[in-house]
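S.K.:
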Amino acid sequence: MDSLIVDYNYLMTASLLVIGLYGMVGKRNLLKKVIGLNIFQTAIFLFFIQGATKPGATVPVWDVRISGEAAGYINPLPHVLILTAIVVSVATTGVALALLMTIYRRYRTLEEGTLLERMKQSP
Amino acid sequence: MNWITGTVLALFFGLLVYAESDLPDSREASAPARTHIVPRYVEQSYPETHTPNIVTSVLADYRGYDTLGETVVILTAGIAVILILPRSGRRQ
Amino acid sequence: MSHLPVLIPVTLLFSAFIILLGGFLKRDLAFMIALIGGSLSFVFSALGLWAVISGGGLRYHLGGWVPPVGIEYALDALSAFMSTVVTLVGTLVLLYSRRSILQEVPERFVPMYALAMLLLAGLTGIIVTADLFNLFVFLEIASLSAYALMAVGDERAPVASFRYLILGSIAGSFYVLGVGFLYFSTGSLNMADVAQRLPNLYGSRAIVAAATLIFIALGLKMALFPLHLWLPDAYSYAPSAVTGLIAPIMTKVAAYAVIRMFLTVFQPHYLLDVLPLMPVIGWFAAAGIFYGSIMAIAQTDFRRMLAYSSISQIAYIGLGIGLANPMGLIGALLHILNHAFMKACLFLVAGNIRFRTGQWEVSRLAGLGRKMPWTMAAFTVSALSMIGIPPAAGFFSKWYLLLGSVDAGNWIFVATILLSSLLTAVYFFRVLEQVYMRHSQEETVPVNAADPPASMLFPTVLLGAGVLVLGLSNNLIVSSILDVVVMSLK
Amino acid sequence: MRGSLENVVVEGVSRFLVPFIQIFALYVITHGHYGPGGGFQGGVILAASIMLLRLSLGEEYEHRRFSPTLATVVAAVGILIYAVAGLLPLAWGGNFLDYAYLPIPGLSAAELRYHGILIVETGVGLVVWGTLVILFDHLMGSEP
Numbered sequence: 001m002d003s004l005i006v007d008y009n010y011l012m013t014a015s016l017l018v019i020g021l022y023g024m025v026g027k028r029n030l031l032k033k034v035i036g037l038n039i040f041q042t043a044i045f046l047f048f049i050q051g052a053t054k055p056g057a058t059v060p061v062w063d064v065r066i067s068g069e070a071a072g073y074i075n076p077l078p079h080v081l082i083l084t085a086i087v088v089s090v091a092t093t094g095v096a097l098a099l100l101m102t103i104y105r106r107y108r109t110l111e112e113g114t115l116l117e118r119m120k121q122s123p
Numbered sequence: 001m002n003w004i005t006g007t008v009l010a011l012f013f014g015l016l017v018y019a020e021s022d023l024p025d026s027r028e029a030s031a032p033a034r035t036h037i038v039p040r041y042v043e044q045s046y047p048e049t050h051t052p053n054i055v056t057s058v059l060a061d062y063r064g065y066d067t068l069g070e071t072v073v074i075l076t077a078g079i080a081v082i083l084i085l086p087r088s089g090r091r092q
Numbered sequence: 001m002s003h004l005p006v007l008i009p010v011t012l013l014f015s016a017f018i019i020l021l022g023g024f025l026k027r028d029l030a031f032m033i034a035l036i037g038g039s040l041s042f043v044f045s046a047l048g049l050w051a052v053i054s055g056g057g058l059r060y061h062l063g064g065w066v067p068p069v070g071i072e073y074a075l076d077a078l079s080a081f082m083s084t085v086v087t088l089v090g091t092l093v094l095l096y097s098r099r100s101i102l103q104e105v106p107e108r109f110v111p112m113y114a115l116a117m118l119l120l121a122g123l124t125g126i127i128v129t130a131d132l133f134n135l136f137v138f139l140e141i142a143s144l145s146a147y148a149l150m151a152v153g154d155e156r157a158p159v160a161s162f163r164y165l166i167l168g169s170i171a172g173s174f175y176v177l178g179v180g181f182l183y184f185s186t187g188s189l190n191m192a193d194v195a196q197r198l199p200n201l202y203g204s205r206a207i208v209a210a211a212t213l214i215f216i217a218l219g220l221k222m223a224l225f226p227l228h229l230w231l232p233d234a235y236s237y238a239p240s241a242v243t244g245l246i247a248p249i250m251t252k253v254a255a256y257a258v259i260r261m262f263l264t265v266f267q268p269h270y271l272l273d274v275l276p277l278m279p280v281i282g283w284f285a286a287a288g289i290f291y292g293s294i295m296a297i298a299q300t301d302f303r304r305m306l307a308y309s310s311i312s313q314i315a316y317i318g319l320g321i322g323l324a325n326p327m328g329l330i331g332a333l334l335h336i337l338n339h340a341f342m343k344a345c346l347f348l349v350a351g352n353i354r355f356r357t358g359q360w361e362v363s364r365l366a367g368l369g370r371k372m373p374w375t376m377a378a379f380t381v382s383a384l385s386m387i388g389i390p391p392a393a394g395f396f397s398k399w400y401l402l403l404g405s406v407d408a409g410n411w412i413f414v415a416t417i418l419l420s421s422l423l424t425a426v427y428f429f430r431v432l433e434q435v436y437m438r439h440s441q442e443e444t445v446p447v448n449a450a451d452p453p454a455s456m457l458f459p460t461v462l463l464g465a466g467v468l469v470l471g472l473s474n475n476l477i478v479s480s481i482l483d484v485v486v487m488s489l490k
Numbered sequence: 001m002r003g004s005l006e007n008v009v010v011e012g013v014s015r016f017l018v019p020f021i022q023i024f025a026l027y028v029i030t031h032g033h034y035g036p037g038g039g040f041q042g043g044v045i046l047a048a049s050i051m052l053l054r055l056s057l058g059e060e061y062e063h064r065r066f067s068p069t070l071a072t073v074v075a076a077v078g079i080l081i082y083a084v085a086g087l088l089p090l091a092w093g094g095n096f097l098d099y100a101y102l103p104i105p106g107l108s109a110a111e112l113r114y115h116g117i118l119i120v121e122t123g124v125g126l127v128v129w130g131t132l133v134i135l136f137d138h139l140m141g142s143e144p
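Residue numbers (this note's numbering), protein chains in the order written: chain A, 1 to 123; chain B, 1 to 92; chain C, 1 to 490; chain D, 1 to 144.
1) With a threshold of 9 Å between beta carbons, is D:N95 in contact with chain C?
2) Would you call the CB atoms of C:A116 and C:S145 closer than 9 Å?
3) When you compare each of C:Y113, C:R27, C:S97, C:V467 to C:A392 by their alpha carbons, which one comes out closest?
4) With a threshold of 16 other CB atoms inside 10 Å of the CB of D:N95, please say whether the residue is buried or exposed.
5) Near C:L402, which residues of its chain fall below 7 Å by C-beta distance, leaving aside the five closest residues on each side in sequence?
6) Rounded to the nearest angstrom, what separates B:P86 and D:G141 at their Cα positions?
7) Please report the straight-line C-alpha distance between C:L4 and B:G69, rounded to a whole angstrom.
8) In its own chain, which residues sit with a C-beta less than 7 Å from the C-beta of C:G388, not counting the 5 before and 5 after it?
9) Suppose you measure from the CA of D:I128 to the CA of D:M51; what does that come to, to the nearest Å?
10) At which residues does the alpha helix (DSSP H) containing B:Y62 begin and terminate?
11) Using the beta-carbon count (16 or more within 10 Å), is B:G89 buried or exposed?
12) Does B:R91 pass the burial test, meaning 16 or more other C-beta atoms within 10 Å, or should it be called exposed?
13) Give the residues of chain B in contact with A:L31, contact being defined as C-beta atoms less than 7 Å apart.
14) By the three-class DSSP mapping on this structure, what secondary structure does C:A378 have?
15) Taking a Cβ distance cut-off of 7 Å, strictly less, list which residues of the region 196-212 of chain C are near chain B, in chain order.
16) Please confirm whether B:T71 and D:Y114 have their CB atoms less than 9 Å apart.
17) Taking just the CA atoms, how far does C:L35 sit from C:L95?
18) Using a Cβ-Cβ distance cut-off of 9 Å, determine whether C:R156 contacts chain A.
19) Taking 7 Å as the limit between beta carbons, can you name the residues of its chain near A:A43, skipping five residues before and five after?
20) What three-state label does DSSP hand B:A19 in the structure shown?
21) Any idea what DSSP makes of A:E160, helix, strand or coil?
22) Out of C:S488, C:P232, C:E107, C:N190, state which residue places its alpha-carbon closest to the alpha-carbon of C:M305.
23) Of all Cβ atoms in chain D, is any one closer than 9 Å to the Cβ of C:Y60?
24) Show which residues of chain C have a CB atom less than 9 Å away from the CB atom of A:T42.
25) For C:L20, is the classification buried or exposed, using 16 other Cβ atoms within 10 angstroms of its Cβ as the cut-off for buried?
26) If you measure between the beta carbons of D:I21 and D:I45, is that distance less than 9 Å?
27) Measuring straight from C-alpha to C-alpha, what distance separates B:G64 and A:V88?
28) Buried or exposed: C:H269, going by 16 or more other Cβ atoms within 10 Å of its Cβ?
29) So, helix, strand or coil for C:R59, using DSSP?
30) In chain C, what lies closer than 7 Å to D:A25 by C-beta?
31) Can you tell me whether C:H228 is buried or exposed, with buried defined as 16 or more other CB within 10 angstroms of its CB?
32) Check the Cβ of D:I79 against every Cβ in chain C and list those closer than 7 Å, keeping chain order.
33) In chain order, which alpha helix (DSSP H) runs of at least 4 residues are fully inside the region 61-117 of chain D?
34) Can you name the start and end residues of the beta strand (DSSP E) that C:A498 belongs to?
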């Protein structure tokens, strides 16, 4: 197996995924959960993009020297999917931040423990 | 970090590592992602759409409906923020 | 009319955009456009269902590109059935929602309707699509609008909604990751094309990861025990019309996606013999039925009780899917339909109670049976249906689930279904007793409590009557639609 | 918090930069056919120019030139452009979003697709522009 580089990339991506998931489920601060979400989604983008690479290929823009030779270009489809996924990620982050603003204005905290206490006090 | 979180994370990492060995290597010419649909996009994109940028032609034409969907997603986020954080009362 | 599949979601999308432009001119215009859009979409779904029953499935190539190259929409018996259910229940709740929203959150009327239409568009998009990535895009449209709609309820709603957003985004991301594994293994995103290429890869570990990630994601969206944590708070703090819209259909659409993955993408053989995920879903569901019922008994808040009952009822659907035999799957699909009607009716009843009395405490519902006779009649029918008393619809779906469990020789599931019916009876009879047997004390129920205005009462009663009609016509539904769906399992 | 800097350098530089940013955004949108770029990227740059003005000149002034309502209308018009580009082919016998059936006379199918992509990218650019300005306005808004 000469796939050491691929393994290395893949393991880094997997680590980023785990770090992001830890941020979402392990952290007690709501803003850190959003940051974890962003790390997680970015790691997914990385997973797709590294699957699109080919040795010796160029960007998928029609080039007269290569013309319609598929092997000459890197895979455009993951890029398309990730453009979509990036927009989804931006939209989710926007809504999450709006929710955090509302929560902060109401309870003056973003720490989960304090938040739960204050929610019990003022029903 | 309590033990449930730790177990979940460990299982997740384990699943990803477990799957790695059978994930096709994108550097090999026989990888399915390189042989199945993509050659069709690359070869026909310019003749069919006159657009040199293959990412654009796939994004806006071949998979144009996904792009409509993602445009709707960002619009949804805009309306959602209007709904969650009304700006009324900001002018004193 | 070959354009039917695409017209179902696009009508809803288009009405959302027009609401955005027209709603600012006149507020009630938003409501009218939403109602027209919803009804049109229902008409298209019903026409599609008719076309499917009489002439087989419809396939639609978006952008004119032949599928695996382009995105494909597919209307077969399963998706036509689901989109008809979703658009019908959705439109009835939209009709109901106007007065309720005007009372609870009047200043946010226009964006609420725009988002409600986007929610329905997202859900119908999930149903008709035959493309794995397109499903993700529409899943996110539906989820984002649901987070926002749920956040405008009472004080604690944004926190519940944020928790839902985090778990929902984990689900969405897991799904994309799973699709990524599928794509890099098969090179395709079209469901039929992936299914065709999968059998050669049944030994692949990447496919194991893909299936696990996708089913965890859909289980989260479906609120299948033990992934239900977001549901109780989100349902009980949202505005009543929003819960009425989201509770009956959103989790069912996720259940539909599970069935679609099971039947169309991964194929039964893989998920039963090679990687036995389906039995796992079945056992978790059996646990969830008990968990939901017991938690529902412990609740004192009417809407929270309904939310926990939702977890239990969703688990019934999960149990039917987990059985993975024809009878079990018919039971699951019939329960999707029946539960959509029952839960919509029950949450609208809860909305009516809130509209007239301003609270939901079970102990303070005494005497409402005489003050709100029609609302409570609808409630009684739905409650009896939830318990599973014939001829109400709930009995028949439970009957098919029982038959499925017997077919599978799984006596624990049989016992689960029978026992949980008893538990359901416990929590609903407690409410029925309050409503009909107790006399109202002046300080708990306002003197002027009465049935709500016609625009709210009509959908409630119609859904209640629908529960009876569905029960009486279940034979027709099973023989004409559902039998076709489960054909591939026989 | 912002808008009250009264700093002539900040104000002058942003007034000077904004037209260039916007021209560059239009270039990015239209250049999507030939290289990296397209509606999303261009829309984000357009939104960035508006945000720069809001940060440097103050919201009172800037809301008169590009009001939050206008942002909503821009976004809705953008998505309608996209939806109409999808629906028009239906009336001329094509499938949804099949640009080859757009009713523009005298063009071959491939040229029609080329222009269809341009129309769609413009719509996307408008939506992203409007929506990001909405997000900015509402997230930066002071407390009620």
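Backbone N, C-alpha and C fix where the C-beta goes; we use that ideal spot for every residue, glycine too.
M.R.: Looking at the coordinates:
1) Reading the fourth sequence from its first residue, position 95 is the one you call residue 95 of chain D. So, interface residue.
2) Your numbering for residue 116 of chain C matches position 116 in the third sequence. Your numbering for residue 145 of chain C matches position 145 in the third sequence. Yes, these two residues count as a Cβ contact at 9 Å.
3) The residue given as residue 392 of chain C occupies position 392 in the third sequence. With distances taken between CA atoms, C:A392 lies nearest to C:V467 out of C:Y113, C:R27, C:S97, C:V467.
4) For this step, residue 95 of chain D is matched to residue 95 along the fourth sequence. Classification of D:N95: buried, given that the 10 Å Cβ count is 16 or more.
5) Counting from 1 along the third sequence, the entry for residue 402 of chain C is found at position 402. Excluding residues within five positions, the ones whose Cβ falls inside 7 Å are V414, I417.
6) Here the question's residue 86 of chain B lines up with position 86 in the second sequence. Here the question's residue 141 of chain D lines up with position 141 in the fourth sequence. So the alpha carbons of these two residues sit roughly 9 Å apart.
7) By one-based count along the third sequence, residue 4 of chain C stands at place 4. By one-based count along the second sequence, residue 69 of chain B stands at place 69. If I take the Cα positions, the gap works out to 18 Å.
8) Position 388 of the third sequence, counted from the first residue, corresponds to residue 388 of chain C. Closer than 7 Å at the Cβ level, and outside the excluded window around C:G388, lie G394, F395, K398, S421.
9) Numbered from its first residue, the fourth sequence carries residue 128 of chain D at position 128. Numbered from its first residue, the fourth sequence carries residue 51 of chain D at position 51. Note on residue identity: the sequence assigns Val, not Ile, to residue 128 of chain D. Cα-Cα distance, rounded: 13 Å.
10) Walking along the second sequence from the start, residue 62 of chain B turns up at place 62. Here B:Y62 belongs to no alpha helix (DSSP H), and DSSP marks it neither H nor E.
11) What you label residue 89 of chain B is simply residue 89 of the second sequence in a count that begins at 1. Below a pLDDT of 50, predicted positions are generally treated as unreliable, and B:G89, at 46, falls in that range; the measurement from the model is reported next regardless. It is exposed - the Cβ of B:G89 has fewer than 16 other Cβ atoms within 10 Å.
12) The residue given as residue 91 of chain B occupies position 91 in the second sequence. In this predicted model, B:R91 has a pLDDT of only 41, less than 50, meaning its place in the structure is not dependable; the value taken from the coordinates is given anyway. With fewer than 16 other Cβ atoms within 10 Å, it is exposed.
13) Sequence index remark: in the first sequence, residue 31 of chain A carries index 31 (1-based). Going along chain B, no residue has its Cβ under 7 Å from A:L31, so there is no contact; the nearest lies around 16 Å.
14) Taking the third sequence and counting its residues from 1, one reaches residue 378 of chain C at position 378. If DSSP states are grouped into helix, strand and coil, C:A378 belongs with the helices.
15) Across the region 196-212 of chain C, CB contacts with chain B closer than 7 Å involve S204, R205, A206, V208, A209, T212, in sequence order along the chain.
16) Mapped onto the second sequence, residue 71 of chain B falls at position 71. Mapped onto the fourth sequence, residue 114 of chain D falls at position 114. Here B:T71 is not near D:Y114, since their CB atoms are 9 Å or more apart.
17) Within the third sequence, the letter at position 95 stands for residue 95 of chain C. Within the third sequence, the letter at position 35 stands for residue 35 of chain C. Their backbone Cα atoms lie some 7 Å apart in a straight line.
18) Your numbering for residue 156 of chain C matches position 156 in the third sequence. Yes, C:R156 lies at the interface with chain A (some Cβ there is under 9 Å from its Cβ).
19) Working through the first sequence from its first residue, we reach residue 43 of chain A at position 43. For A:A43, where only same-chain residues beyond five positions count, the Cβ hits under 7 Å are T13, L16, L17, G20.
20) Against the second sequence, residue 19 of chain B aligns to sequence position 19. In this structure, DSSP gives B:A19 a helical state, which the three-state scheme calls helix.
21) An answer regarding residue 160 of chain A cannot be provided, because it is not within the stretch 1 to 123 covered by chain A.
22) Position 305 of the third sequence, counted from the first residue, corresponds to residue 305 of chain C. Nearest to C:M305 by C-alpha distance, out of C:S488, C:P232, C:E107, C:N190, is C:P232.
23) Here the question's residue 60 of chain C lines up with position 60 in the third sequence. Closer than 9 Å to some Cβ of chain D, the Cβ of C:Y60 qualifies, so yes.
24) Within the first sequence, numbered from 1, the residue matching residue 42 of chain A stands at position 42. The contacting residues do not exist; A:T42 stays about 10 Å from chain C at best.
25) As a working note, residue 20 of chain C is residue 20 in the third sequence. By the neighbour-count rule (16 or more Cβ atoms within 10 Å), C:L20 is buried.
26) Your numbering for residue 21 of chain D matches position 21 in the fourth sequence. Your numbering for residue 45 of chain D matches position 45 in the fourth sequence. A contact, by the Cβ cut-off of 9 Å.
27) On the second sequence, residue 64 of chain B is found 64 positions in, with the first residue counted as 1. On the first sequence, residue 88 of chain A is found 88 positions in, with the first residue counted as 1. The C-alpha of A:V88 is placed about 16 Å away from the C-alpha of B:G64.
28) Translated into the one-based positions of the third sequence, residue 269 of chain C becomes position 269. C:H269 is exposed by the Cβ-count criterion.
29) In the third sequence, residue 59 of chain C corresponds to position 59, counting from 1. It is a strand residue.
30) For the purposes of this step, residue 25 of chain D is taken as the residue at position 25 of the fourth sequence. Within chain C, no C-beta atom comes less than 7 Å from the C-beta of D:A25; the nearest is roughly 23 Å away.
31) On the third sequence, residue 228 of chain C is found 228 positions in, with the first residue counted as 1. By the 10 Å Cβ count, C:H228 comes out buried.
32) Reading the fourth sequence from its first residue, position 79 is the one you call residue 79 of chain D. Going along chain C in sequence order, the residues near D:I79 (Cβ under 7 Å) are F17.
33) If we require 4 residues or more, the alpha helix (DSSP H) runs fully inside the region 61-117 of chain D come out as 68-91.
34) This structure gives no information on residue 498 of chain C, because the portion of chain C shown stretches from 1 to 490.
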